[in-house]
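Inspection log for the structure reproduced underneath, given as structure tokens.
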Amino acid sequence: MLTNTTAALAKQIEPRILMLRGQRVILDADLSALYGVTTKRLNEQVKRNKERFPADFMFQLTSAEKQEVVAICDHLSSLKFSRTTPYAFTEHGAIMAASVLNTPQAIEVSVLVVRTFVKLRQMLAGHKELRHKLVELERKVEDHDGAIRNLITAIHQLMEPPLSVKKLTIGFAPWSEETEKCTNE
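Going by this note's numbering, the first residue of the sequence shown is number 14, and it counts up by one from there.
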């Protein structure tokens, strides 16, 4: 069971996870703050252990991405004047960073980071399922709309009186010699 401080820390992690290049990532400044080390120390350890961080674990932001992230996230305003572009760590990169730092806080927090990534992945999967159900519902509604339109058109046709209605008189009508038919018609 999570303690109060652990639960509070878990709530702090989720808003720090961003979507960049189609992946959920956490920036080096946020990760180092969570792990209780300086960003400089985290980046030093990453550079020393470069072989542990392939491209799918970590990547460096472009200047445009950095500006976008600083504009979106208030807590990253200190990056605005930084000359270097930050690193972004995926879920696996965050775990690897904790292992190269090898501090008790980093190891403890890495578990929470992984749980948060998993939670976000499950939420995304739920949204995909919901989106699929909405598309299916829209298709059914469109089919029903077409059937209802056809039904309404048929009802309108039944409600319209015929164009020429001859009224027949009630009773006996004598035959006409010219047409050899009844004069009622």
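Cβ coordinates follow ideal geometry from the N, Cα and C atoms, glycine included.
Legend entry - Through-space distance from residue 155 to residue 41, alpha-carbon basis: What you label residue 41 is simply residue 28 of the sequence shown in a count that begins at 1. What you label residue 155 is simply residue 142 of the sequence shown in a count that begins at 1. Approximately 48 angstroms between the Cα atoms of the pair.
Inset, instruction - Within its chain, find whatever has a CB closer than 6 angstroms to the CB of residue 23; leave out the 5 residues flanking it on each side and keep chain order. - result: On the sequence shown, position 10 is the one that residue 23 refers to. Closer than 6 angstroms at Cβ, skipping near neighbours: 125.
Legend entry - Reduced DSSP secondary structure (H/G/I, E/B, other) of residue 38: Taking the first residue of the sequence shown as position 1, residue 38 is located at position 25. The answer is strand: DSSP assigns residue 38 an E or B state.
Inset, instruction - Consult DSSP for residue 101 and reduce its assignment to one of helix, strand or coil. - result: As a position in the sequence shown, residue 101 is number 88, starting the count at 1. In the structure shown, residue 101 sits in a strand (DSSP, three-state: E or B).
Inset, instruction - Would you mind giving the Cβ-Cβ distance between residue 66 and residue 106, rounded to the nearest angstrom? I have them listed as a contact below 8 angstroms. - result: Along the sequence shown, one-based indexing puts residue 66 at 53. Along the sequence shown, one-based indexing puts residue 106 at 93. About 6 angstroms separates the two Cβ atoms, so the contact holds.
Legend entry - CB-CB length for residue 101 against residue 55, believed under 8 angstroms: By one-based count along the sequence shown, residue 101 stands at place 88. By one-based count along the sequence shown, residue 55 stands at place 42. Not confirmed; about 12 angstroms, so no contact.
Inset, instruction - Check whether the Cβ atoms of residue 30 and residue 98 sit closer than 8 angstroms, and answer yes or no. - result: Position 17 of the sequence shown, counting from 1, holds the residue named residue 30. Position 85 of the sequence shown, counting from 1, holds the residue named residue 98. Their beta carbons are not under 8 angstroms apart, which means residue 30 does not touch residue 98 by this criterion.
Inset, instruction - Tell me, please, whether the CB atom of residue 132 is closer than 8 angstroms to any CB atom in chain C? - result: Protein chains in the displayed structure number just one, and chain C is not present.
Legend entry - Same chain only: Cβ atoms within 7 angstroms of residue 174, ignoring 5 sequence neighbours per side: Translated into the one-based positions of the sequence shown, residue 174 becomes position 161. Excluding sequence neighbours, residue 174 sits near nothing in its chain.
Legend entry - Three-state secondary structure (DSSP) of residue 26: If you number the sequence shown from 1, residue 26 lands on position 13. Here residue 26 sits in helix by DSSP.
Legend entry - Beta carbon of residue 114 nearer than 8 angstroms to that of residue 48: For the purposes of this step, residue 114 is taken as residue 101 along the sequence shown, with counting starting at 1. For the purposes of this step, residue 48 is taken as residue 35 along the sequence shown, with counting starting at 1. Cβ distance < 8 angstroms, so residue 114 and residue 48 count as in contact.
Inset, instruction - Tell whether a beta-carbon distance below 8 angstroms holds between residue 59 and residue 71. - result: Working through the sequence shown from its first residue, we reach residue 59 at position 46. Working through the sequence shown from its first residue, we reach residue 71 at position 58. Closer than 8 angstroms, so yes.
Inset, instruction - Would you mind reading off the limits of the beta strand (DSSP E) that contains residue 72? - result: Start at 1 with the first residue of the sequence shown, and residue 72 comes out as number 59. 71-73 is the span of the beta strand (DSSP E), which, as asked, contains residue 72.
Inset, instruction - Following the continuous alpha helix (DSSP H) through residue 123, name the residue where it begins and the one where it ends. - result: The residue given as residue 123 occupies position 110 in the sequence shown. Segment 117-172, the alpha helix (DSSP H) holding residue 123.
Inset, instruction - Can you grab the Cα-Cα spacing for the pair residue 134 / residue 171, in whole Å? - result: By one-based count along the sequence shown, residue 134 stands at place 121. By one-based count along the sequence shown, residue 171 stands at place 158. Whole-angstrom Cα-Cα distance: 56 angstroms.
Inset, instruction - Look at the alpha carbon of residue 28 and the alpha carbon of residue 86, and state the distance between them as a whole number of angstroms. - result: Position 15 of the sequence shown, counted from the start, is the residue given in the question as residue 28. Position 73 of the sequence shown, counted from the start, is the residue given in the question as residue 86. Rounded to the nearest angstrom, the two C-alpha atoms are 9 angstroms apart.
Inset, instruction - Could you name the residues of the same chain whose beta carbon sits closer than 7 angstroms to that of residue 14, not counting the 5 residues immediately before and after it, in chain order? - result: Against the sequence shown, residue 14 aligns to sequence position 1. Residue placement at residue 14 is flagged as unreliable, the pLDDT there being 41, under the threshold of 50; a coordinate-derived value is accordingly withheld.
Legend entry - Close-in-space but distant-in-sequence residues of the same chain around residue 78 (CB under 7 angstroms, 5 per side omitted): Counted from its first residue, the sequence shown places residue 78 at position 65. Cβ within range, chain order: 33.
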